[in-house]
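Working notes, beginning with the structure itself.
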Amino acid sequence: MKIKRFLQGLAAFAVIALFAGCADILDSKTAEKSNLKENTSVSISFDSKGRYISAGSFELDKITSWKIAFEPTGDSDEKSIELAWTSGSSDSSSGSPSLYYSEGVLNAKLIPVGTYNIALEGSYSEGNGTITVSGTKEGVSVSSESAKNSITVLVELKKDSSTKGSLELSFDAAGISNYAPALLVTLKNNQTGDIEYSTDKNNLVFSSSSDSVYALTGEDIAPGWYKLEFYCNDSVKIEIPNDKMMVEIASGIKTTDSDIKISSTSVKKYYATNGTSESAQNMNGLAVSSRKNLTALLEKLTKTWPEVSEVEIFMDSAPVIDIKTFNELKEALEDSKKCSIYLGESQSIALASDPDTNTVTTALSGSVCLVATDGNEKFEASGITVEKGKPLDITLKNGACINAAFVDSIDDKLNIFAVKDSEDGTTADNFTAYVAAPFFYSASEIDTSCFSLFEYGSKKVSDQNTVISVSGDDGSCEFYIKPASMEGITAESSADLSIEAYYTSGSDSETYSSGSVIPYESSDLNIKLKAPDGIEIEKCLWYLNGDSIDDSITDELIYFDPTQNDSLKIDGTNVVSCFVSVGEKLYLCELSFTFKTPSRSAAVWISGTHSLSMKQIYDYTDSDAAESTLKESYNSKCYCFDKNYNLWTVEFSDSVAALNKYSMKVSSNSYSTDSDLTAELSEITSSPADMCYDAVNGYIYLLVNGDSSATVYAVSTGDTPAVAARATMNTSALGENVSLTNIAVNGNDFYFADSSCNVYKATVTVDSGSIAVGTPSLVKSLVSQDVLEGYDSSKHDASYDSISITDLQFGDGLGYGTENVYALVKEASSSVGLSSNDYFYSRGALVKISTETGSFEKFGWASEVKEFSYTHSTGSYTDYYCIPDATDSANTDFFGPTKFCAVVPKKIVIVDDGFYLKAVDGSSGALKNKDSIVEFDIDGSTLSRGAASISVSFDIGTTNFYYTEN
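Just so you know, this note's numbering puts the end of the sequence shown at 950, numbered straight through with nothing missing.
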């Protein structure tokens, strides 16, 4: 509508421009289309993607024909540009875009400055056919400086969905002759994760072609990348070489390979945990170290996995393994099994067993804790190795004894603990926190490769310090025995000795004494013993809430990370204790402190149009508060918050999604500009459309659109975030070309929004390690008169006006108010022009939808239409504005709600980004951006607008009558 009216007056405008010299007659959108816009050149080089089982080879320097398409992104009004080059063409241009190829580089000329998605295709003849390659690159910024416009596009054999490929692979199955006839073979789509072809679906055939040689064949396979997998049963793992796991299928080509060796192993994994945290959700068993859980493990080893020759037990935390556990494992395994116990998936903790002796062969590494619990029971451990740089801890309870022999002399620290219980079997009341005091430690290394405490097994731990000298083949060492309950030890206090705490990095530079409230940050916390000059400190033993921090430390400094230490109390009082040995006396110093933790997050939003940055502000109600930049050059609009007020972002580059975590700094009331952690999520190969946090299960969910489908990824939020599960939904049933734009999750309730402002609910089952998502069903279309009073899509100019759902969230995002899901709706015009009877929009609403009934309520919607008439040099005009009244300071209607930008208990915080008509005189009208933070009180159902000034991204296009004022 605007362009049509504009062109009708173009001749009159041209005359005025010639005589009046007016520089801003053209509508900004029309000006971008004109030849006056700056053009530039783009250099494109290319490379081929690496492949494993390839569909065929190609040579880039043989290509005789190239085609390239520049597709404008976002709200750009540029037209698509398609160029072609064939061998023998000259490098010439007649004032229009052109393409030329020389020495491995394509050069596109006269390309308008802007941002494009680029697609290219090349071909050459070979034999009786044509080899075609293709590649794409999204979000390419074309600068006016041609020197910056040099890009590389990865190309591969073209995969035209309309033309299928085929497969013929040959395998050497001599190593699995007993299993080969019954193998299930699958091809899993690398993008969707779906098994699309398999022998049980009868679209793949795996059959013997000769002795020990098997062929895998398939016809009519859709082009793409697939993971090749073999399955036998739960007890046998079928393996192929790593460089043969991926298979490429290309259009019209048969993928072939030969002599691929297949092998098998009977290893089974048992994942052990007692934890309930996010990091424990992928575990499928109970902790080995727990006596009550040993029966379940033994049943796995003896009944469920009778034919398995090797079992690997993976534990998610440092185990405490007692002698009875080892003895029962030995008896169950006999000589038919090998059992390995691991901490994580790398460090070997214990290998059992040698059936010919009464010992357990161990390979201990790291700070693991072996416990002998049966009083005078003799515990023999041979073949012990200690990983250099990590101490070995052994705990003896109630007079237990040990024989230990090492593979080599101990070249690192060894700590041995004695634990004494009270007569009634409970921990002694006195010094109850110190239940693991060391009676032997090596400050650096000991010179013996074996030692024995068998002869002392009948002795109870005395109330007095006792020294036992133990001789070995290669030397001797002394065990300093003292009671674990600390009874009988006199520790004095001293005014000359004290403990201080301080952070080593970040904005917090305070030094904290006992009784302090310390901001809870992610930096390392230093604990330092203060002593006058001249006092010679022989040794310090440090404890945090009764647990030893590091009993082999002799320095007066100790460091620990409060976010990693299991003994730390985030919500309670912490006590750091230090036993200080000075001469003949022992002193006790203590530091008590509590943590100040975040009570809310800062508000975070994306600023800019093409070059994005992430900004933040804490007190958005204060007119004097200033925003700050959290991250420059941010390439995504996806972010969310967790229940601990951490900020999570996802950035997508080079076909890999990177998840970042930023902690909220209490000392500065802002997020750290450096991420606390970054995790690559290699399973996600397309840019996510949205992300959200689930306050029930603690997952972060990412939404990725595909062709007629959408995939939801559940990502754990522990120390090492990873994709825990995913599910793909068929969206074709929702309508043609439906694209999901937003996601909100609360336990098993999944809500989605699409590009047409529809809200859907899906039936979902979330179990440990799996998600099952049903087809979403429509809850409500938000673009209707009953939801948004006065909304009329017939008044929209499709080139400039749009309405969309910009965000979804359950309650306050922290678990409160989750009986409702909230949607942000934004109606906006991207330009205003000099024309009559046009409608201009900058408004929106917060829509509350009941998860039980589907009923709704809207807040902040400006339904009033304001008429504005004016006279300009070419005539009289009347426009209509659907925009809130910005002159009314009490008005809380939205100008353009864009994102839920913070988490505050029982509040919903929204960044509002739009414009309004500020002032008009006889010749011009001033438009002004309206950027602010709006807060919604859930209990009171009221909106309030923050007084702080912020800068977001809205940039309105104008004609000669209107102009923008910052």
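For glycine and all other residues, C-beta sits at the position ideal for the given N, C-alpha and C.
Source: prediction; values computed, not measured.
Query                                                                                                     : Result
Three CB pairs or more closer than 8 Å across the stretch 558 to 577 and the stretch 859 to 866           : no
Neighbourhood of residue 714 by C-beta, 8 Å cutoff - its chain only, sequence neighbours within 5 removed : 692, 693, 759
Assumed close pair residue 891, residue 791 - CB separation to whole angstroms, cut-off 8 Å               : In fact, because the Cβ distance is near 15 Å, the residues do not count as touching under 8 Å.
Contact the stretch 666 to 685 vs the stretch 718 to 735: 3+ CB pairs below 8 Å                           : yes
Contact check, residue 918 vs residue 896, beta carbons under 8 Å                                         : yes
Buried/exposed call for residue 916, threshold 16 Cβ in 10 Å                                              : buried
Local conformation of residue 159 per DSSP, three classes                                                 : helix
Opening and closing residue of the beta strand (DSSP E) in which residue 847 lies                         : Element bounds for residue 847: n/a, residue is neither H nor E.
Same chain, Cβ closer than 7 Å to residue 190, five either side skipped, listed in chain order            : 167, 169, 183, 198, 200
Cα-Cα separation, residue 520 to residue 674                                                              : 60 Å
Three-way DSSP call (helix, strand, coil) for residue 45 in this model                                    : helix
DSSP beta-bridge partners of residue 52                                                                   : 67, 104
Beta-carbon gap between residue 635 and residue 653 smaller than 8 Å                                      : no
Strand pairing of residue 96, partner residues [DSSP]                                                     : 23
Reduced DSSP category for residue 553 - H, G, I as helix; E, B as strand; rest coil                       : coil
Cβ shell of residue 134 (< 7 Å), same chain only, five flanking positions each side left out              : 27
Residue 505 to residue 666 span [Cα, whole Å]                                                             : 30 Å
Helix, strand or coil at residue 164 [DSSP, three-state]                                                  : helix
Reference residue 633; option with closest CA among 627, 644, 114                                         : 644
Complete beta strand (DSSP E) runs within the stretch 487 to 525 (minimum length 3 residues, chain order) : 500 to 503, 509 to 514
Per-residue DSSP class, three states only, for residue 195                                                : coil
Reduced DSSP secondary structure (H/G/I, E/B, other) of residue 762                                       : strand
Range covered by the beta strand (DSSP E) that runs through residue 560                                   : 558 to 566
6 Å Cβ shell around residue 1023 - same chain, five flanking residues per side excluded                   : Here the chain comprises residues numbered -15 to 950, so residue 1023 is not present and cannot be evaluated.
Spatial distance of residue 954 from residue 699 (CA atoms)                                               : Outside the displayed span of the chain (-15 to 950) sits residue 954, for which this structure offers no information.
Residue closest to residue 816, alpha-carbon to alpha-carbon, out of 826, 497, 807, 601                   : 826
Residue 888 versus residue 241 - alpha carbon distance                                                    : 58 Å
Three CB pairs or more closer than 8 Å across the stretch 842 to 861 and the stretch 765 to 783           : yes
Residue 578: first and last residue of the uninterrupted beta strand (DSSP E) it sits in                  : 569 to 580
Nearest-angstrom Cα separation, counted from residue 106 out to residue 64                                : 19 Å
Which of helix, strand or coil DSSP assigns to residue 529                                                : coil
C-alpha gap between residue 328 and residue 185, whole angstroms                                          : Note on residue 328: pLDDT 40, under 50, position unreliable in the model; the coordinate value appears next. Cα-Cα distance, rounded: 37 Å.
Beta strand (DSSP E) segment containing residue 828, residue limits                                       : 822 to 834
Three-state class that DSSP yields for residue 4 in the structure shown                                   : Reliability fails at residue 4, whose pLDDT of 33 lies under 50, so the model's placement of it is uncertain and the value that follows must be treated cautiously. Helix, per DSSP.
Host beta strand (DSSP E) of residue 879 (start-end)                                                      : Per DSSP, residue 879 belongs to no beta strand (DSSP E) and is neither H nor E.
Cβ neighbour criterion (16 or more within 10 Å) applied to residue 581                                    : exposed
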